[in-house]
Amino acid sequence: MDDRPRSDRLRVSTYITAAILTTLTRNSTSRGFSCLRIVREVSFHLPRKQFVSVSTVYRILIAEGYGSYKRTVKPGLNDDNKKKRLAWCIEHSIENGWDLEKWKTVIWTDETFIQLGSIRGKRRIWRKLDEVFYKHVVVKRWKGFQEFI
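Okay, so the sequence shown: first residue is 221 according to this note's numbering, each after it adds one.
This is the structure:
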């Protein structure tokens with residue numbers, strides 16, 4: 221006889237786990253869902269007697285290797301800008317005299333912008349560590365209504 225204390229919590233079925241992960245990975249919008257929103261989406265498709273809690277969704281996402289991160293931001297470049305950047309990189313490559321010590325003296329700057337009518341910097345998404353540049357977690361910059369300063 222086993223005298224160890226047992227948890228009263230029932231195991232989550234693989235069907236519910238699959239439904240949660242399918243809901244999460246559907247598109248870039250669903251990657252930004254809160255655990256409560258995922259509960260609502262999944263519960264809509266479950267039979268009446270089954271229930272999924274917010275903490276269950278959170279536990280499943282963590283167990284599957286997902287974490288809450290800021291979105292990856294990439295600059296929106298047209299073909300002309302891409303060609304110019306490539307030419308600049310080739311011109312300043314190691315083969316043309318730029319060694320690692322010279323690259324350490326470079327200071328990278330960027331524009332500052334104000335985004336009108338939107339929340340900036342507070343949006344988070346669910347992703348795995350190796351999904352940094354996955355298409356559903358990347359946001360292109362310079363799209364929409366914004367002012368450059």
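Beta carbons are placed, not taken as given, at the ideal position from N, Cα and C, and that holds for glycine. Fair warning: this is a prediction, and the values are worked out from it, not measured in the lab.
Check whether residue 287 and residue 347 have beta carbons under 8 Å apart: yes
Cα-Cα, which of 343, 232, 359, 223 is closest to residue 281? 232
I think residue 240 touches residue 262, with their Cβ atoms under 8 Å apart; what is that distance to the nearest whole Å? 6 Å
What does a CB cutoff of less than 7 Å around residue 265 pick up in its chain, not counting 5 residues either side in sequence? 239
Residue of 316, 292, 257 minimising C-alpha distance to residue 276: 257
Would you list the one or two residues that DSSP bridges to residue 346? 288
Check the DSSP bridge columns for residue 225 and list the partner residues they point to. In the DSSP output, where bridge partners are listed per residue, residue 225 has none listed.
Quick one: is residue 237 buried, meaning 16 or more other Cβ sit within 10 Å of its Cβ, or exposed? buried
With DSSP as the reference, label residue 259 as helix, strand or coil. helix
Can you give me the start and stop residues for the alpha helix (DSSP H) that residue 276 sits inside? 274-283
Measuring alpha carbon to alpha carbon, tell me which residue in 285, 249, 242, 267 is nearest residue 351. 285
Using a Cβ-Cβ cutoff of less than 6 Å, which residues in the same chain neighbour residue 314 once the five nearest sequence positions on both sides are dropped? none
Check whether the Cβ atoms of residue 290 and residue 344 sit closer than 8 Å, and answer yes or no. yes
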